[in-house]
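Written out below as structure tokens is the structure these notes cover.
Residue numbers (the numbering used here): 3 to 253.
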């Protein structure tokens, strides 16, 4: 499918969100599930390297934004990312291959019917790993799904925290959730931050999930962090069936 760049905006220091208009996406049902990824192929990019002109990116927007696919990425010196940064609004790219299993739990007897009511989900994100959770949270809020969310989100500092304002608004007392949403931010290298500064370890997880009976854990972030947290969850005797994770490489 052909898509056009609709908007580009910086959502944190060195972090760019790119929104595409994709007329070919179906509108009569969910074109994708929150947490899935899509493929982008650049035609005649101005920069080239041995990694080629195709990438997979997690979708950051809600499926309710009909005809829209957005991704968020750390800005690096790869040819692909330099090309994306340089493309003006209106540039056409090719998108396709929407897929991935890092999604909200479903009722297996009723595809695309989410097993939401009273289900407790703990999201653990590091850096750009927040992207699948933004899609899940936005969609759940819009649809009034009954999940009880806890998000543990780790970054070095506030300036580099993608979607900080959006998340704080979602967690404000004025926003009503059918289930609930608790946001726990930790800034590990920010002298001006008055909140949590610890890295997410076993004690951190116990401190903020102790009141959650048998939650389902989702972990996303850089591979070293993701693998360490998955190991920590297993050390905490969390059954593997209650742990889902996704590594974000190349960021």
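Ideal Cβ positions, reconstructed from N, Cα and C, are used throughout, including at glycine. Quick caveat, the model's predicted, so the values are computed rather than measured.
Checklist entry - Thinking C-beta only, is residue 223 closer than 8 Å to residue 250? => result yes
Checklist entry - Can you tell me the Cα-Cα spacing of residue 245 and residue 208, whole angstroms? => result 15 Å
Next on the checklist: Using the three-state DSSP reduction, which class does residue 245 fall into: helix, strand or coil?
Outcome noted: strand
Next on the checklist: Considering only DSSP beta bridges, list what residue 264 is partnered with.
Outcome noted: Past the edges of the chain, shown from 3 to 253, lies residue 264, and the structure says nothing about it.
Checklist entry - Of all the options 138, 181 and 168, which has the alpha carbon lying nearest to the alpha carbon of residue 187? => result Here the closest residue by C-alpha is 168.
Item to check | Chain-order list of residues whose beta-carbon lies under 6 Å from that of residue 118 (same chain, five-residue window excluded) | outcome: Closer than 6 Å at Cβ, skipping near neighbours: 147, 148 and 149.
Checklist entry - If we ignore side chains and look at the alpha-carbon of each, how far apart do residue 20 and residue 5 end up? => result 12 Å
Checklist entry - Would you call the segment 100 to 107 and the segment 83 to 92 touching, i.e. three or more CB-CB distances under 8 Å? => result As far as the Cβ criterion goes, the segment 100 to 107 does not touch the segment 83 to 92, which means the pair count is below three.
Checklist entry - Which same chain residues, not among the five before or five after residue 166, have their C-beta less than 8 Å away from its C-beta? => result 14, 160 and 187
Next on the checklist: Using a 10 Å radius around the Cβ and a threshold of 16 neighbouring Cβ atoms, would you call residue 53 buried or exposed?
Outcome noted: exposed
Next on the checklist: Given this structure, state the Cα-to-Cα distance separating residue 9 from residue 239, to the nearest angstrom.
Outcome noted: 44 Å
Item to check | Distance between residue 83 and residue 253 (C-alpha atoms, nearest Å) | outcome: Note that residue 253 has pLDDT 47, beneath the 50 cutoff, so the model's placement of it is unreliable and no number is given.
Next on the checklist: Starting from residue 101, trace the beta strand (DSSP E) in both directions and tell me its first and last residue.
Outcome noted: Where residue 101 is concerned, the enclosing beta strand (DSSP E) stretches over 94 to 101.
Checklist entry - Got a sec? Which residues, its chain only, sit under 6 Å from residue 57 by beta carbon, not counting five neighbours each side? => result 42 and 82
Checklist entry - Going along the chain, which residues of its own chain have a beta-carbon closer than 7 Å to the beta-carbon of residue 61, five neighbours each way excluded? => result Spatial neighbours of residue 61 in its own chain (CB-CB distance under 7 Å, excluding positions within 5 residues in sequence) are listed in chain order as 34, 38, 39, 40, 71, 72, 73 and 137.
Checklist entry - For residue 197, which residues from the same chain have a beta carbon less than 8 Å from its beta carbon, with the 5 sequence-adjacent residues on both sides left out? => result 187, 188 and 189
Checklist entry - To which residues does DSSP link residue 9 through a beta bridge? => result 21
Item to check | Nearest-angstrom Cα separation, counted from residue 153 out to residue 122 | outcome: 11 Å
Item to check | Among 68, 162 and 182, nearest to residue 25 - alpha-carbon criterion | outcome: Comparing Cα-Cα distances from residue 25 to each of 68, 162 and 182, the minimum goes to 68.
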